[in-house]
Amino acid sequence: MKIIKSDLHAIAVGPKQYPQDELPEIAFAGRSNVGKSSFINSMLNRVNLARTSGKPGKTRTINFYIINDEFRFVDLPGYGYAQVSKTEKEKWGHIIEEYLKNRKNLKEIALIVDIRHEPTSQDVMMYNWIKSFGYSGIVIATKADKISKGQWQKNIKQIRNKLGVESSNLILPYSSEKKINVEKTWEIFEEILDL
Ligand code: GTP
Ligand code: MG
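For the sequence shown, counting from 1, position 4 maps to 3 in numbering that gives the first Met the number 0; every step adds exactly one.
Structure below.
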């Protein structure tokens, strides 16, 4: 994939603020601090387009990034962050749900998980939810640089079993830090976006 340009297009907490055009979108869901924003940056070859942080709870809005004026990546707020109030959690849940339920532009939601850890019950819920909307259920197991290559398959298998990922083609190890599987991920996305 040749990235000619990438920009922040919109920041939204509700549908009125979503971009009002027909461009296709791929959204990224996952636990807070799992590496969603870093994933977007690494795919776009940008250092800090999507703001990242060592502390969970960085992305609290829906951030739309436009790429080559052709399609968008959508950074969703992370879930499962313990250090916020119940009201705040419900607000985030609502922001995400509203987007997923009604967005015609949305072609796929990829679930981002940490390759080192077994998915949480919230991950399982999110994944089932994604599939219930009819999306194919792509899983990106990021932070692969944090374990040895020899461990990847074992961990991938565990994640796959826990989430119930139908095909091994739908889950892949990834690293934003070391740019592992960037090209492979683009191939999958190009197919989804019909590029
Ligand atoms: P929220 O916005 O809070 O939901 O978090 P997020 O999922 O967007 O995570 P973010 O991209 O901000 O990354 C969280 C932390 O993980 C940062 O300190 C990143 O540097 C680190 N990180 C993300 N991806 C990788 C990776 O592939 N490898 C390593 N080693 N660290 C990573
Ligand atoms: Mg983020």
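C-beta: ideal position from N, C-alpha, C; glycine also.
Backbone secondary structure at residue i - three-state DSSP
i             : result
leucine 99    : helix
aspartate 122 : helix
lysine 106    : strand
histidine 93  : helix
glutamate 190 : helix
valine 181    : helix
Residue i versus residue j - alpha carbon distance
i              : j              : result
arginine 50    : serine 36      : 6 Å
glycine 163    : arginine 45    : 33 Å
aspartate 113  : isoleucine 170 : 12 Å
tyrosine 64    : leucine 7      : 4 Å
arginine 115   : glutamine 152  : 11 Å
leucine 194    : lysine 90      : 35 Å
isoleucine 191 : isoleucine 95  : 21 Å
leucine 43     : threonine 86   : 34 Å
glutamine 82   : glycine 56     : 9 Å
tyrosine 17    : asparagine 67  : 18 Å
glycine 226    : aspartate 20   : Since the first residue of the chain shown is 0 and the last is 194, residue 226 is not available in this structure.
histidine 93   : methionine 0   : 33 Å
tryptophan 185 : serine 120     : 28 Å
Residue burial classification, residue i (beta-carbon count within 10 angstroms, cutoff 16)
i              : result
leucine 110    : buried
proline 14     : exposed
asparagine 32  : buried
methionine 124 : exposed
glycine 29     : buried
glycine 133    : exposed
serine 175     : buried
lysine 142     : buried
asparagine 180 : buried
Residues that DSSP places opposite residue i in a beta bridge
i              : result
isoleucine 10  : Asn62
glutamate 24   : Arg71 and Leu105
isoleucine 111 : Gly29 and Ile139
What are the start and end residues of each continuous alpha helix (DSSP H) run of 4 or more residues lying completely inside the stretch 29-95, in chain order? Segments of the alpha helix (DSSP H) lying fully in the stretch 29-95: 35-43.
Kindly provide the ranges of any alpha helix (DSSP H) runs that are 4 or more residues long and lie completely inside the stretch 122-179, ordered along the chain. Unbroken alpha helix (DSSP H) stretches of 4 residues or longer found wholly inside the stretch 122-179: 148-162, given in chain order.
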